[in-house]
């Protein structure tokens with residue numbers, strides 16, 4: 011929610027000023043309604059969401075799931091009509107986001123019926139289905155930003171889920187959406203028009219109005235940035251690399267009494283402050299004690315709905331407000347109410363400038379927007395929230411249903427939930443904060459709230475508070491240099507079990523360049539190793555500009571590094587990189603110029619990557635720019651990727667109509683840049699098969715190499731699929747979107763229709779296509795039993811397309827169904843953090859109790875396959891199982907065994923308990939037979955589940 015505004019105080023201040031706005035406050039009249047349709051610019055808040063999506067850092071954490079249990083006679087047709095009416099009234103809910111000439115824009119799609127799929131599911135199954143649906147990615151370019159799902163538990167018992175992308179909605183929009191949905195439903199059920207006035211504005215009107223004020227907003231942003239000069243990130247937090255795609259959240263919760271909440275409200279009222287201001291002051295006090303700092307910055311949400319014409323506008327109208335409080339020094343001992351006065355003043359100052367977009371402030375801050383280690387200045391937030399309200403429909407009993415996707419927007423968030431059962435909450439990202447530190451901070455915060463609610467006139471020394479370490483007690487960051495140590499970067503690289511050898515060269519007039527030799531077919535790239543160094547090095551100045559992978563580090567006879575035989579600092583692309591920097595940033599930078607220090611920000615990173623990719627024909631993303639930051643480091647990365655492509659790599663460009671001449675026996679492999687695809691690629695190359703790999707342009711460097719023809723494209727780009735399959739003798743289709751059912755089906759049809767070879771077509775499917783059969787053994791190719799997950803249904807539909815075409819295609823076809831795939835590839839490590847194993851992993855990581863199903867319920871556990879074994883099975887399936895659906899399963903592990911090993915590997919303090927409230931997703935009482943491919947599936951050394959689990963948790967396997 012947005013921070014409650016002390017309107018009386020703001021009004022008093024406004025009346026005390028002249029009609030001329032205060033410095034740093036842009037003036038503007040009412041928001042006008044547009045007189046013409048067509049593309050509109052994105053608002054600043056929308057652009058931030060769009061950039062996060064383009065950078066791969068958005069995903070489900072910017073999804074807004076609204077779930078409601080509805081009991082009574084539901085009229086599904088009326089509900090579908092109400093949803094369609096809602097998107098007809100509010101264009102933002104059917105808006106698409108394109109970009110042209112480096113700039114994004116928005117434009118509503120024509121009105122169309124909103125699909126309302128209906129699925130039968132028991133209440134116990136609902137939680138997993140709701141989470142899966144809410145986590146499905148949005149395609150912002152194709153739209154829309156709203157989708158619906160209706161689960162039927164009984165004839166008069168349903169759960170409705172609306173999932174809306176944050177780019178189209180905020181907390182202030184929800185009451186309007188709920189009210190209008192109810193009115194539209196009632197009207198549709200009664201067969202009459204809804205008695206609703208036309209919306210005064212559309213969101214595009216607001217975006218145009220805001221953008222028309224950009225000059226004034228830029229001046230105001232500069233003034234706000236000046237107020238933040240000299241501030242730094244919270245010392246407790248570790249840097250999270252810009253390329254981290256998902257930020258998992260761990261939540262601590264403690265109950266607060268109603269008396270405590272009443273006391274906090276009374277305290278605020280006595281001092282002319284809102285309850286939120288009191289909560290924010292408690293957060294500042296807890297962090298002051300924890301860090302010993304007196305100059306702290308926290309973020310809170312501010313809104314733009316103070317203008318009357320915007321109050322009923324659905325759309326994203328929130329802004330992040332940085333609140334900088336200069337508190338009394340730690341050696342002082344003020345009472346809590348003194349802190350309250352300081353924080354109240356700081357919050358009011360921030361709220362007076364709530365219309366100044368935070369992304370503009372970040373741009374003006376430049377390099378100062380992050381600490382020296384890369385941690386954002388604003389990585390901690392605070393909020394006062396209320397329980398979600400249900401989407402009430404006339405004639406039905408409505409109950410809100412929580413859908414927690416377990417994702418964090420900030421490294422640390424301190425919250426109070428005010429409602430029938432008040433709670434003190436602390437959410438943190440384990441990549442940014444140590445779990446023990448987070449737990450102790452949460453305890454202090456909860457105790458502090460209770461204490462000040464009872465007596466806020468005590469000195470801080472007599473209130474709960476504790477100095478916490480900036481890192482886990484007893485640990486020294488890898489790479490901290492001591493007497494006799496090698497260079498910290500070398501020490502950190504050698505501490506990585508994937509690195510065989512490492513060296514660092516400090517040229518007299520050049521940057522520090524690191525070199526590493528790695529092991530394994532899916533070993534990390536140089537960029538990944540450098541990202542790991544950024545997280546682990548205690549001294550950010552020790553970070554090398556690049557990590558280059560070599561087959562062997564050249565050394566002299568005495569073992570010392572031989573710089574004469576090292577590849578020099580890459581200069582082939584340096585001039586081009588500096589030219590593009592100059593085009594976008596207005597000045598040609600030095601080779602070591604820092605992207606952020608030169609005024610770069612997220613949009614420029616995307617634009618810079620796109621121009622360099624087009625100019626050099628080499629893969630590059632905006633995340634690469636944010637991670638590498640200097641022209642020399644980017645030139646090094648581009649040189650590395652050019653070398654990875656190698657002279658043996660062949661390329662089919664996605665944007666051309668021609669392809670290189672096809673080699674005899676070519677195998678088209680889709681999904682080659684993923685974890686399963688990497689194993690398949692290795693297996694095919696080991697067999698000497700010529701491979702054409704379909705990958706997105708930005709991922710081409712991951713597969714390019716001798717014997718690999720790169721076909722740049724995407725499942726959603728049907729023309730690229732047609733070019734890729736042309737002339738292929740064999741097809742192994744291992745790619746899927748996971749979430750876009752229509753895209754997966756269209757891609758399968760194109761590949762099947764375009765394939766003319768005789769070598770065979772294998773589709774890598776999933777055991778999810780079996781659904782939920784009777785407990786026990788599941789035979790290969792047995793019938794599916796509902797309900798199927800959306801992912802399982804998509805796999806089953808793709809299978810049918812291939813098998814239905816079996817009689818008309820020239821070669822054999824096969825479907826290989828796999829369970830969860832485990833292996834050392836970085837993409838496969840994420841398998842532990844999702845699905846059935848995700849809750850167990852997160853609980854073990856946080857040291858929380860792990861709840862498993864009752865043993866009396868029967869066997870339950872994970873079916874799994876090693877990635878290398880799956881690759882062998884898939885390549886053998888055309889000979890061993892043509893025309894069939896077969897399983898590729900290495901084994902089955904009970905949850906009890908899996909959890910015990912996970913706790914051991916993570917060094918967790920978690921205890922295991924059994925109970926009826928265990929996650930429904932864990933109730934998996936099936937084992938899958940796999941006789942047809944038993945030969946290639948036979949485990950090879952190192953393919954047992956304990957060893958692969960150790961590799962996926964980055965711990966050495968023990969002896970058992």
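In the numbering used here, the protein residues as written are 11 to 970. Here a beta-carbon is modelled for each residue, glycine too, at the ideal position from N, C-alpha and C.
In the DSSP annotation of this structure, the continuous segment of the alpha helix (DSSP H) that includes residue 294 starts and ends at 285 to 301. Here residue 463 is near residue 270, since their CB atoms are less than 8 Å apart.
By the neighbour-count criterion, in which a residue is buried when 16 or more other Cβ atoms sit within 10 angstroms of its Cβ, residue 396 is exposed.
Residue 632 has its alpha-carbon roughly 5 Å from the corresponding atom of residue 619. For the 8 Å CB-CB criterion, residue 789 and residue 934 do not form a contact. Rounded to the nearest whole angstrom, the CA to CA distance from residue 133 to residue 413 is 14 Å. According to DSSP, residue 393 shares a beta bridge with 425. Burial state of residue 882 is buried, judged by a 10 Å Cβ sphere holding 16 or more other Cβ atoms. Counting along the chain, the unbroken alpha helix (DSSP H) around residue 225 starts and ends at 224 to 237. Ranked by how close their Cα comes to the Cα of residue 399, the residues 424, 647, 332, 409 have 409 in first place.
Under the three-state reduction of DSSP output, residue 444 falls in the coil class, being neither helix nor strand. In this structure, the beta-carbon distance from residue 958 to residue 833 falls below 8 Å. Taking C-alpha positions only, residue 791 is separated from residue 808 by approximately 14 Å. Going by C-alpha positions, residue 299 is about 56 Å away from residue 720. In the displayed model, residue 312 falls within a strand according to three-state DSSP. In the assembly as shown, residue 852 is a buried residue. Its beta-carbon has 16 or more other beta-carbons within 10 Å.
Each residue's CA atom was taken as its position, placing residue 596 and residue 511 some 41 Å apart.
The beta carbon of residue 157 sits closer than 7 Å to those of 173, all from its chain and outside the five residues before and after it, given in chain order. For the 8 Å CB-CB criterion, residue 647 and residue 502 do not form a contact. Annotated three-state conformation of residue 683 is coil, per DSSP. In terms of Cβ geometry, residue 773 and residue 821 do not form a close pair [threshold 8 Å]. The DSSP-derived three-state label of residue 861 is strand. For residue 917, no alpha helix (DSSP H) segment is defined, and its DSSP state is neither H nor E.
The stretch 865 to 879 and the stretch 940 to 952 touch, with no fewer than 3 CB-CB distances between them shorter than 8 Å. Judged by DSSP secondary structure, residue 110 falls outside any alpha helix (DSSP H) and instead within the beta strand (DSSP E) spanning 105 to 110. Restricting attention to 119, 403, 319, the CA atom closest to the CA of residue 192 is found in 403. With respect to the C-alpha of residue 287, the residue from 928, 162, 359 having the closest C-alpha is 359. Contact between the stretch 178 to 187 and the stretch 325 to 343 is present, with at least three C-beta pairs closer than 8 Å.
For residue 47, the closest C-alpha among the options 762, 120, 738, 729 is that of 120. Annotation: the stretch 37 to 118 contains the following complete segments of the alpha helix (DSSP H) (minimum length 4 residues), in chain order: 54 to 64, 86 to 99. Straight-line spacing of the CA atoms in residue 815 and residue 87 works out to 36 Å. Per DSSP, residue 776 is one residue of the beta strand (DSSP E) stretching across 770 to 776. Comparing alpha carbon positions, the residue from 429, 316, 356 closest to residue 305 is 356. Here residue 723 is buried: its Cβ has 16 or more other Cβ atoms, across all protein chains shown, within 10 Å.
Residue 635: member of the alpha helix (DSSP H) spanning 632 to 638, first to last residue. Distances from the alpha-carbon of residue 199 to those of 83, 167, 702 put 83 closest.
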